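A.B. asks:
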Amino acid sequence: MTSLPLISVDPDARGRRPAMPPRHLADLDLPGRQALVTELGEPAFRAKQVSNHYFGRLVRDPERMTDLPAAARKRLAGELLPTLLTPVRELACDDGATRKALWRLHDGSLVESVLMGYPDRVTVCISSQAGCGMACPFCATGQAGLTRNLSTAEIVDQAVYLAGVAASGAVAGSPPRLSHVVFMGMGEPLANYSRVVAAIRRLVAPAPEGLGLSQRHITVSTVGLVPAIRRLASEDLSVTLALSLHAPDDELRDELVPVNQRWKVSEVLDAAWDYAATTGRRVSIEYAMIKDVNDQPWRADLLGRLLAGKLAHVNLIPLNPTPGSRWDASPKPVEREFVRRLRDAGVSTTVRDTRGREIDGACGQLAAAGDTDGDSRAATA
Ligand code: SAH
Numbered sequence: 001m002t003s004l005p006l007i008s009v010d011p012d013a014r015g016r017r018p019a020m021p022p023r024h025l026a027d028l029d030l031p032g033r034q035a036l037v038t039e040l041g042e043p044a045f046r047a048k049q050v051s052n053h054y055f056g057r058l059v060r061d062p063e064r065m066t067d068l069p070a071a072a073r074k075r076l077a078g079e080l081l082p083t084l085l086t087p088v089r090e091l092a093c094d095d096g097a098t099r100k101a102l103w104r105l106h107d108g109s110l111v112e113s114v115l116m117g118y119p120d121r122v123t124v125c126i127s128s129q130a131g132c133g134m135a136c137p138f139c140a141t142g143q144a145g146l147t148r149n150l151s152t153a154e155i156v157d158q159a160v161y162l163a164g165v166a167a168s169g170a171v172a173g174s175p176p177r178l179s180h181v182v183f184m185g186m187g188e189p190l191a192n193y194s195r196v197v198a199a200i201r202r203l204v205a206p207a208p209e210g211l212g213l214s215q216r217h218i219t220v221s222t223v224g225l226v227p228a229i230r231r232l233a234s235e236d237l238s239v240t241l242a243l244s245l246h247a248p249d250d251e252l253r254d255e256l257v258p259v260n261q262r263w264k265v266s267e268v269l270d271a272a273w274d275y276a277a278t279t280g281r282r283v284s285i286e287y288a289m290i291k292d293v294n295d296q297p298w299r300a301d302l303l304g305r306l307l308a309g310k311l312a313h314v315n316l317i318p319l320n321p322t323p324g325s326r327w328d329a330s331p332k333p334v335e336r337e338f339v340r341r342l343r344d345a346g347v348s349t350t351v352r353d354t355r356g357r358e359i360d361g362a363c364g365q366l367a368a369a370g371d372t373d374g375d376s377r378a379a380t381a
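Just so we're aligned, residue 1 is where the sequence shown starts under the UniProt record's numbering, counting upward by one.
(1) Grab the span of the alpha helix (DSSP H) containing A362 for me, first residue to last.
(2) Verify whether the separation of the beta carbon atoms of A272 and L241 is less than 8 Å.
(3) Apply the 10 Å Cβ neighbour rule to T83 and answer buried if 16 or more other Cβ atoms are within range, or exposed otherwise.
(4) For Y287, name the three-state secondary structure that DSSP assigns.
(5) Do D67 and Q49 come within 8 Å of each other at the CB atom, strictly closer than that value?
(6) So residue 404 is in the beta strand (DSSP E); what residue range does that whole segment cover?
(7) Are the beta-carbon atoms of V223 and C363 separated by less than 8 Å?
(8) Give me the Cα-Cα distance between R357 and Q365, rounded to the nearest whole angstrom.
(9) With 16 other CB atoms within 10 Å as the buried threshold, where does G78 fall?
(10) With three or more C-beta pairs closer than 8 Å as the rule, is the region 150-169 touching the region 289-301?
(11) Which same chain residues end up closer than 7 Å to R355 when comparing Cβ atoms and leaving out the 5 residues on each side of it in sequence?
(12) Roughly how many angstroms lie between the CA atoms of S244 and V314, to the nearest whole one?
(13) Three-state secondary structure (DSSP) at A369?
(14) Exposed or buried, which one is R202 when buried takes at least 16 other CB atoms within 10 Å?
(15) With a cut-off of 8 Å on the beta carbons, I'd call I285 and A247 a contact; round off their distance for me.
(16) Quick check on DSSP: helix, strand or coil for Q215?
(17) Is M116 close to ligand 1? I mean its beta-carbon at under 7 Å from any heavy atom of the ligand.
(18) Could you compute how far the alpha carbon of P206 sits from the alpha carbon of P331?
(19) Note down, in chain order, each residue of its chain lying with its Cβ closer than 6 Å to the Cβ of V156, except the 5 sequence neighbours on either side.
(20) Taking just the CA atoms, how far does Q296 sit from V334?
(21) For M20, does the three-state DSSP call read helix, strand or coil?
Listed below in structure tokens is the structure:
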């Protein structure tokens, strides 16, 4: 049996202090920013001005903040907008409609985010942790373990940065405005609970306090940390919950999603249905299709029985290749049969596209390896 992953909400519990980044305005709500600006000896309304540049105009260069007195610009930007993410590399595929960004954080940690343009929307997939402690054996991020939680602003800044890329018209054939955010990058968002919830509040707050996205356009994906799912349901938020189920039975799920050793399939589904009932939002059930592992017809039927009549939608994800993995994606006919059985059981089911596969930017492929551009410092940081 695999050992239980560390399910700590606080990395300090590991006995070492993670190096958190400098404070940034996106860590604070608007009253918090106003208090800070006042402490810095500036009038409180400057907080709104700087916030409007950052969230409203997607501007972070102090020279472009011409409504601020020249003398105050650099200082305010230095205090409120310290550099959190330094771009290391950007890779694009799908004619530029999918772009993966690799960032270096202030302590040398590396994280990745993915921008995906569609005809009707622009989605960014962001990371909530550097690495991940959940140890799912088919996921590249899980193999290296957890480095640290990201700060609220490090999470938000990925979206703001890529919103700027979209606004520059870089994603041809897509609207220029970022509309959707999915917490499906590196890390387990509910293991970094308070910072992720604060980040969601920044993403949905109207400008200048935040990015002004719709709550319905934000998806939090989890391995199934039951107490955290219940806590999320009690926030005054109604974001979409995605549950990485991957197996309908405990025996297999214990192996594929080791946290199942702590919270079983029935418990995590109960929490998901309570989340759906409280928020009115359909829960998305994620299921990676792994050849001869979890793709048998009987597992489709069992899954169908568990989900029938529930406020749920199944997203099948063809397994993406990861380094050293012993598993393959299910053959297409097997996948089609799985879909057919779920639909026969009355369960709404779709197969997720494999956006970003060529650039290792698809589900489960984010490993933040900085080595392919010869940047060995980043790779070992
Ligand atoms: N920790 C969260 C967020 C990661 S989201 C979670 O597990 O939900 C990424 C999604 O991709 C999850 O459903 C994850 O299980 C899935 N995934 C991981 N590795 C994959 C792979 N190799 N192929 C397809 N999907 C994968």
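Glycine included, every Cβ here is placed at the ideal spot set by N, Cα and C.
Being a predicted model, the structure only gives us computed values, none of them experimental.
C.D. replies: Working from what's here:
(1) Counting along the chain, no alpha helix (DSSP H) covers A362, and no H or E run does either.
(2) The Cβ-Cβ distance between A272 and L241 falls below 8 Å.
(3) It counts as exposed.
(4) Strand.
(5) Going by beta carbons, Q49 and D67 fall inside the 8 Å limit.
(6) Summary: the structure shown does not reach residue 404, with the chain confined to residues 1 through 381, and so no result is reported for it.
(7) In this structure, C363 does not lie closer than 8 Å to V223 by Cβ.
(8) Rounded to the nearest whole angstrom, the CA to CA distance from R357 to Q365 is 8 Å.
(9) The Cβ neighbour count for G78, taken over all protein chains shown within 10 Å, is under 16; the residue is labelled exposed.
(10) Contact between the region 289-301 and the region 150-169 is absent: fewer than three C-beta pairs spanning the two stretches fall below 8 Å.
(11) Contacts found: D94, T98, M116, A362.
(12) Approximately 10 Å, taken between the alpha carbons.
(13) Note: A369 maps to coil in three-state DSSP.
(14) Flag for R202 reads buried.
(15) Incorrect: roughly 11 Å between the Cβ atoms, too far for contact.
(16) If DSSP states are grouped into helix, strand and coil, Q215 belongs with the helices.
(17) No, ligand 1 has no heavy atom inside 7 Å of this Cβ.
(18) Going from the Cα of P206 to the Cα of P331 covers about 45 Å.
(19) Around V156: A26, A199, R202.
(20) V334 and Q296 have their C-alpha atoms spaced approximately 8 Å apart.
(21) M20: coil per DSSP, three-state reduction.
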